[in-house]
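There are 4 protein chains.
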Amino acid sequence: MSKKQEIISIATEIIHSKGYQPTSISDILDASNIGKGQFYHYFASKYDLGLAVVEYIIQNMTNPLITNTLQSKDDPKSKINKMLDWVIAYHSGMQEKLGCPIGNLAIEMSEHDETFRSKIQHFLTRWIEAIDNSLAEMIEQNQLNSNVDTRKSAEAIASMVQGGILLMKNQKDIQILKNVVDMIRLQFNLS
Amino acid sequence: MSKKQEIISIATEIIHSKGYQPTSISDILDASNIGKGQFYHYFASKYDLGLAVVEYIIQNMTNPLITNTLQSKDDPKSKINKMLDWVIAYHSGMQEKLGCPIGNLAIEMSEHDETFRSKIQHFLTRWIEAIDNSLAEMIEQNQLNSNVDTRKSAEAIASMVQGGILLMKNQKDIQILKNVVDMIRLQFNLS
Amino acid sequence: MSKKQEIISIATEIIHSKGYQPTSISDILDASNIGKGQFYHYFASKYDLGLAVVEYIIQNMTNPLITNTLQSKDDPKSKINKMLDWVIAYHSGMQEKLGCPIGNLAIEMSEHDETFRSKIQHFLTRWIEAIDNSLAEMIEQNQLNSNVDTRKSAEAIASMVQGGILLMKNQKDIQILKNVVDMIRLQFNLS
Amino acid sequence: MSKKQEIISIATEIIHSKGYQPTSISDILDASNIGKGQFYHYFASKYDLGLAVVEYIIQNMTNPLITNTLQSKDDPKSKINKMLDWVIAYHSGMQEKLGCPIGNLAIEMSEHDETFRSKIQHFLTRWIEAIDNSLAEMIEQNQLNSNVDTRKSAEAIASMVQGGILLMKNQKDIQILKNVVDMIRLQFNLS
DNA sequence: CATGAATGAGGATTCATTCAT
DNA sequence: TATGAATGAATCCTCATTCAT
Chain A
454 MSKKQEIISI ATEIIHSKGY QPTSISDILD ASNIGKGQFY HYFASKYDLG LAVVEYIIQN
514 MTNPLITNTL QSKDDPKSKI NKMLDWVIAY HSGMQEKLGC PIGNLAIEMS EHDETFRSKI
574 QHFLTRWIEA IDNSLAEMIE QNQLNSNVDT RKSAEAIASM VQGGILLMKN QKDIQILKNV
634 VDMIRLQFNL S
Chain B
454 MSKKQEIISI ATEIIHSKGY QPTSISDILD ASNIGKGQFY HYFASKYDLG LAVVEYIIQN
514 MTNPLITNTL QSKDDPKSKI NKMLDWVIAY HSGMQEKLGC PIGNLAIEMS EHDETFRSKI
574 QHFLTRWIEA IDNSLAEMIE QNQLNSNVDT RKSAEAIASM VQGGILLMKN QKDIQILKNV
634 VDMIRLQFNL S
Chain C
454 MSKKQEIISI ATEIIHSKGY QPTSISDILD ASNIGKGQFY HYFASKYDLG LAVVEYIIQN
514 MTNPLITNTL QSKDDPKSKI NKMLDWVIAY HSGMQEKLGC PIGNLAIEMS EHDETFRSKI
574 QHFLTRWIEA IDNSLAEMIE QNQLNSNVDT RKSAEAIASM VQGGILLMKN QKDIQILKNV
634 VDMIRLQFNL S
Chain D
454 MSKKQEIISI ATEIIHSKGY QPTSISDILD ASNIGKGQFY HYFASKYDLG LAVVEYIIQN
514 MTNPLITNTL QSKDDPKSKI NKMLDWVIAY HSGMQEKLGC PIGNLAIEMS EHDETFRSKI
574 QHFLTRWIEA IDNSLAEMIE QNQLNSNVDT RKSAEAIASM VQGGILLMKN QKDIQILKNV
634 VDMIRLQFNL S
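If you're matching them up, the sequences are chains A, B, C and D in order. If you're matching positions, the first sequence starts at 454 in the numbering used here and goes up one per residue. If you're matching positions, the second sequence starts at 454 in the numbering used here and goes up one per residue. If you're matching positions, the third sequence starts at 454 in the numbering used here and goes up one per residue. If you're matching positions, the fourth sequence starts at 454 in the numbering used here and goes up one per residue.
Have a look at this one:
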């Protein structure tokens, strides 16, 4: 891993925990054992790093949330289930309940920075579309009633996941997220 | 309105827009036309103000989200519908899509401050319980299938609302929230 | 005791502990349960209070250090001994070793404020003169060798007392002050 | 001299004059022609600088008060005399009578900060021990009566010096310190 | 590539004092 | 007398960024 990647990786962790704005360059320097000069050699500004972090997060989330699950060769029911399994596993594995790196930044940055906002929107839209497609496949395969509005349903599933993570973060307890995922499976015939 | 209330009210708006941490005391002073010393006459610290703001938000949200809707004398279906109507109306009325004042703070503060976290949790739990109770009433009145798990359903509804707001904020478009609320109504027989 | 006296008395304690400059008006208001307005009704400024405190301290120290001991009707040896006894008793009685209220202010204020300085000097000079007189009386009564320079001796005694208190304060242990007083008694035939 | 040393050196002068607490960072910045950020590049806090100043003072006082005088190869009488000579010379050379940098801080800080207190105590104890040892050598060489308690005598000498400086500072006149040193020499057969 | 010194605006907070009631 | 709201300068400290080496 290049030094630049290493900085991005460390910054991603810190920003996941503290948020972008409250994270200082010093926080990152201290955790990476690099000097000020080196940081500004790799990044034009804190903002520049911030965008790199968003891209890195998206890159890390694309496989488990979209490519390796919803867009795999599996049958559609399994694809959605595996995506949901990963969500649960990801947050179960976290000691501290930091929430969703993308959802956190969506809330922190959408109002005040258009570049952050649109990068995040682009990813979330891809995710919703992939859910949409999987639901459509379920209908094709008679696993789901054909009068289900797949787009709205995909949006509802994405909302439940993000909202469930928000409530989990606030409650410091993964149970509510598990319950919400149960409800998704029940409603969309995924069990 | 007392000066203190005025400061809290103005601070609530600014914090809703920028978040607690990125909001500086100066932001509040500029918007309130008061001096530094005056601020500290009313509040021991920025943190102190922050907690007052959370309490103020909760106080403002309790009526429309709980007392006046879910806990009114209406029939249960109407009660939930009116709560959802208010959510839509609240965010429609906002020029900028700032999101949910409570949800924003839940994400910003839950990990790093226990007092913020527990105040927010207490409110969100009351909200979920009120939804739970309304769903139970629907079952009693044969408006909902009796094998519905009302607690998990209430959690799912709360998640969909919060997640829908999150996605709406990121998309700068209320449509997705409307869609998600449609899905809630469809799923829980509220239309 | 008048309200003004009460404020002076409380301020004296706080200043004894923290020093004049580090003591804030608020420290005094908090301890006295009075409002800002009332304080400035009684005192023109913090400085004004400071001078009142010095005078109050001097007033409180004059009796035990000078009038009731060195200027009593006792025989000269007893007079000096009683003054020294009081010094030991005063500092033994203090839980925290705050040192001499006058010595502390002498060090803090002499360089930067002439009014403080001269009030303190006036008192310390009276004290030294009273010691000087007592030593002279001892010589008259053949309790002390007549070639002793009473003025320099008085200065040495005052220095030993103040220096002993300084070292006691730094060591947080009264023993060194007791040792120094022992040495005074030994040297000036007071045992 | 490094920039850090330069700052310490300048701060030492200012603190000698005003005391630690009343000295502001700005005082130091103005005198050193450096910016705020620069200061905090070298020191973690004002407190950090304060401790560095105490250490610097102690380092500067160790040679003239202990190593080069009391612990030199001279005969014991000369050793003590040279230490006392240096004290007189040091304070004669000072235009403003600022007092002893260590004694001032002993009084200002002993009660409220343990780290300051113990650093100062450690130095003063070394000084007293060195005096003690020199007095013991005098006894060995029959320059002093063998029934003199060298420890208590050393404490008395240290007290007289510190107390004499305190009185000198208050009187803005070195004469009293000279008188007290005369008394020390007389009492301990040093003339 | 890398170091870390330097900058100065801005952060929260405290302070002595004044003023309106 | 008494209250406490109001003021604004000053406090310590952090920040993102630049620059010389």
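A virtual CB, placed ideally from N, CA and C, is assigned to each residue, including glycine.
Contact with chain C by residue i, beta-carbon distance below 8 Å
i      : result
D:S470 : yes
D:K457 : no
D:E549 : yes
D:A611 : yes
D:V507 : no
D:Q524 : no
D:Q491 : no
Test: residue i CB closer than 8 Å to a CB of chain A
i      : result
B:P529 : no
B:N598 : no
B:E564 : yes
Close beta carbons around residue i, own chain, < 6 Å, minus the five adjacent residues each side
i      : result
B:H469 : L551 and P554
B:R604 : D585
B:I511 : F576
C:S498 : none
C:D480 : I467
D:N598 : none
B:T476 : I467 and I468
Chain-ordered chain C contacts of residue i [CB-CB under 8 Å]
i      : result
D:M536 : By Cβ distance, chain C contributes nothing, its closest Cβ being about 15 Å from D:M536, past 8 Å.
Interface partners of residue i on chain A, CB under 8 Å
i      : result
B:E608 : G617, L620, I629, N632, V633 and M636
B:G556 : I560 and L619
Within chain C, the residues that residue i reaches when beta carbons sit closer than 7 Å
i      : result
D:G552 : I560
C-beta atoms of residue i and residue j nearer than 8 Å
i      : j      : result
A:L518 : A:M547 : no
D:A609 : C:M636 : yes
B:L620 : A:S612 : yes
A:H544 : A:I627 : yes
D:Y495 : D:K457 : yes
B:A541 : B:K625 : Reading off the sequence shown, one finds Ile at residue 541 of chain B, where the question assumed Ala. No, the Cβ-Cβ distance between B:I541 and B:K625 is not below 8 Å.
D:Y493 : D:M562 : no
C:I560 : D:N534 : no
D:N429 : C:Q594 : In the structure displayed, chain D extends from 454 to 644; residue 429 of chain D sits before or after that span and is not available.
Own chain residues within Cβ distance below 7 Å of residue i, not counting five before or after
i      : result
C:S525 : K532
B:A607 : I581, I584, D585 and L588
B:Q596 : P529, K530 and N642
A:V506 : I461, A464, T465 and I468
A:V614 : V540
C:I448 : Past the edges of chain C, shown from 454 to 644, lies residue 448 of chain C, and the structure says nothing about it.
Closer than 8 Å to chain D by CB, residue i
i      : result
C:K499 : no
C:V540 : no
C:N623 : yes
Per-residue contacts from residue i into chain A (C-beta, under 7 Å)
i      : result
B:P475 : Q474
B:K605 : N632, D635 and M636
Neighbourhood of residue i by C-beta distance below 8 Å, restricted to the same chain and skipping five residues each side
i      : result
D:D504 : Looking at the sequence shown, residue 504 of chain D is not Asp but Leu. Once the five neighbours on either side are set aside, the close Cβ partners of D:L504 are T568, F569 and K572.
B:E549 : S470
D:A454 : Note that residue 454 of chain D corresponds to Met in the displayed sequence, not to Ala. Once the five neighbours on either side are set aside, the close Cβ partners of D:M454 are S462.
C:G488 : L482
C:I629 : G617, L620 and M621
Closer than 7 Å at the beta carbon, the chain D residues around residue i
i      : result
C:Q640 : Q640
**Study point:** Interface residues of the region 569-587 of chain B facing chain A [CB-CB below 7 Å]
**Key:** R570, I573, Q574 and L577
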